[in-house]
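The opening residue of the sequence shown carries number 649 in the numbering used here; numbering runs sequentially from there.
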Amino acid sequence: MNGMLRPLRIYVCGPLSAKPGEEGDPAEIREANARLADQVGRDLFILGHFPFVPHTLALWWFLDERPEFHSYDLIVGRHDIMGWLSVCDAIFTLGGWEDSKGSRMEVAWAREHGLMEFSHVDEVPDVRHIQPGVFTKYLHHGKTVWVRSDLVGKHRTACLCHSCKKFFPDDRARNCSIANDIFANCVKYNLVTPVWECPYFEERDGASEDHMDDGT
Ligand code: SF4
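Structural data, given as structure tokens:
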């Protein structure tokens, strides 16, 4: 991010193909999933953002009769999905993403690299009428919160915990007890409190390189 609340590049993540065991015509399932993702992309666009909807990128290519277009793995593999994800500011997860191996990889990557994460359109800031440099409010995890507009969504990048070996936000039992206490306070008061300094920090592998990559 460039330091301003601004239109975000948002990667729309969710299943395209049928889930294992899902009944129905594979092409119809693919099209239904793509339509859903496309609808979310339009909603994000209306809010002023730049959605990237990989589902629609090659959807019509499957109708091409040439053999290069018969293999889903080939098409998706050649699209360098992680490369697209790496230039996005945020990931938007659609329902059922946990059932898709590709989506799970994308979410893991996004979390590891500190992308903002949304799963409902009403969590995404409306940037159509934002005036840079002022305080603003937006809906965060279902609660309207105030924030300095140049710091929206920056907490993951700034917080030491996201670069720390002791941080397991999805596994509270393994997670650092200090981080758990901070999280409990955040939940209690709907705060976002990044850790700037900590005497117990231990750098996780690759953390420095990640920050050099993202310019922080
Ligand atoms: S040791 Fe410090 S930096 Fe690491 S997870 Fe705990 S609170 Fe965060």
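Positions of the beta carbon are idealized from the N, C-alpha and C atoms, including for glycine. Remember, predicted model here, so these are calculated numbers, not experimental data.
Using a threshold of 8 Å, is the CB atom of Phe815 nearer than that to any non-hydrogen atom of the ligand NAD?
By its list of ligands, the structure shown excludes the ligand NAD, since it contains just the ligand SF4.
Could you tell me whether the Cβ atoms of Gly662 and Leu684 are closer together than 9 Å?
Here residue 662 is taken as the residue at index 14 of the sequence shown, counted from 1. Here residue 684 is taken as the residue at index 36 of the sequence shown, counted from 1. Yes, they are a contact pair.
Do Ile739 and Phe766 come within 9 Å of each other at the CB atom, strictly closer than that value?
Numbered from 1 along the sequence shown, position 118 holds the residue referred to as residue 766. Numbered from 1 along the sequence shown, position 91 holds the residue referred to as residue 739. For Phe766 and Ile739, yes; Cβs fall inside 9 Å.
Do you know offhand how far Ala666's Cα is from Leu733's?
Position 18 of the sequence shown holds residue 666. Position 85 of the sequence shown holds residue 733. Cα-Cα distance, rounded: 22 Å.
Using only the alpha-carbon positions, how far apart do Glu679 and Leu707 sit?
One-based indexing of the sequence shown puts residue 679 at position 31. One-based indexing of the sequence shown puts residue 707 at position 59. Spanning the two alpha carbons is a distance of roughly 7 Å.
Where does the unbroken beta strand (DSSP E) through Thr784 begin, and where does it stop?
The count along the sequence shown starts at 1 and reaches residue 784 at position 136. Looking at the DSSP string, the run of the beta strand (DSSP E) that includes Thr784 is Phe783 to His788.
I'd like the ranges of any beta strand (DSSP E) spanning at least 3 consecutive residues and lying wholly in the region 697-746.
698-700 and 738-741
Glu760 versus His810: straight-line alpha-carbon distance, rounded:
Numbered from its first residue, the sequence shown carries residue 760 at position 112. Numbered from its first residue, the sequence shown carries residue 810 at position 162. C-alpha separation (whole angstroms): 8 Å.
Go ahead and label Met730 buried or exposed: buried means 16 or more other beta carbons lie within 10 angstroms of its beta carbon, across all protein chains shown.
As a working note, residue 730 is residue 82 in the sequence shown. Exposed, because fewer than 16 other Cβ atoms sit within 10 Å of the Cβ of Met730.
Over the uninterrupted beta strand (DSSP E) stretch that includes Lys791, give me the two end residues.
Taking the first residue of the sequence shown as 1, we reach residue 791 at position 143. Lys791 to Arg796 is the span of the beta strand (DSSP E), which, as asked, contains Lys791.
Just how far apart, CA to CA, sit Lys813 and Thr805?
Translated into the one-based positions of the sequence shown, residue 813 becomes position 165. Translated into the one-based positions of the sequence shown, residue 805 becomes position 157. Answer to the nearest angstrom: the Cα atoms are 15 Å apart.
Quick check: does the Cβ of Phe693 come within less than 8 Å of any heavy atom belonging to the ligand SF4?
Walking along the sequence shown from the start, residue 693 turns up at place 45. No, since every heavy atom of the ligand SF4 falls outside the 8 Å radius drawn around the Cβ of Phe693.
Identity of the residues DSSP links to Ile611 by a beta bridge:
Beyond the ends of the chain as shown, which are 649 and 864, falls residue 611; an answer cannot be given.
Excluding the 5 residues preceding and the 5 following Arg776 in the sequence, name in chain order all residues of the same chain whose CB lies nearer than 6 Å to its CB.
Position 128 of the sequence shown, counting from 1, holds the residue named residue 776. Around Arg776: Gly696.
Does DSSP classify Glu845 as helix, strand or coil?
If you number the sequence shown from 1, residue 845 lands on position 197. Coil, per DSSP.
Let me check understanding here. Comparing Cα to Cα, which of Trp757, Glu851 and Ile723 lies closest to Asp737?
Along the sequence shown, one-based indexing puts residue 737 at 89. Cα-wise, what sits closest to Asp737 is Trp757.
Does Gly801 pass the burial test, meaning 16 or more other C-beta atoms within 10 Å, or should it be called exposed?
Here residue 801 is taken as the residue at index 153 of the sequence shown, counted from 1. Classification for Gly801: buried.
Is Cys834 near the ligand SF4, going by C-beta to nearest heavy atom under 8 Å?
Against the sequence shown, residue 834 aligns to sequence position 186. Incorrect: Cys834 has no Cβ contact closer than 8 Å to the ligand SF4.
Considering only C-alpha positions, which residue in the set His768, His718, Asp774 and Gly744 is nearest to Val688?
Residue numbering aside, residue 688 sits at position 40 when the sequence shown is read from its first letter. Checked all of His768, His718, Asp774 and Gly744; the closest Cα to Val688 is His768.
Is Leu839 near the ligand SF4, going by C-beta to nearest heavy atom under 8 Å?
Start at 1 with the first residue of the sequence shown, and residue 839 comes out as number 191. Outside the cutoff, so no.
Skipping 5 residues on each side, what residues in its chain have a beta carbon closer than 8 Å to that of Phe783?
In the sequence shown, the residue the question calls residue 783 occupies position 135. Excluding residues within five positions, the ones whose Cβ falls inside 8 Å are Trp794, Val795, Arg796 and Ser797.
Simplified DSSP assignment, three categories, for Glu671:
Translated into the one-based positions of the sequence shown, residue 671 becomes position 23. DSSP places Glu671 in coil when its eight states are reduced to three.
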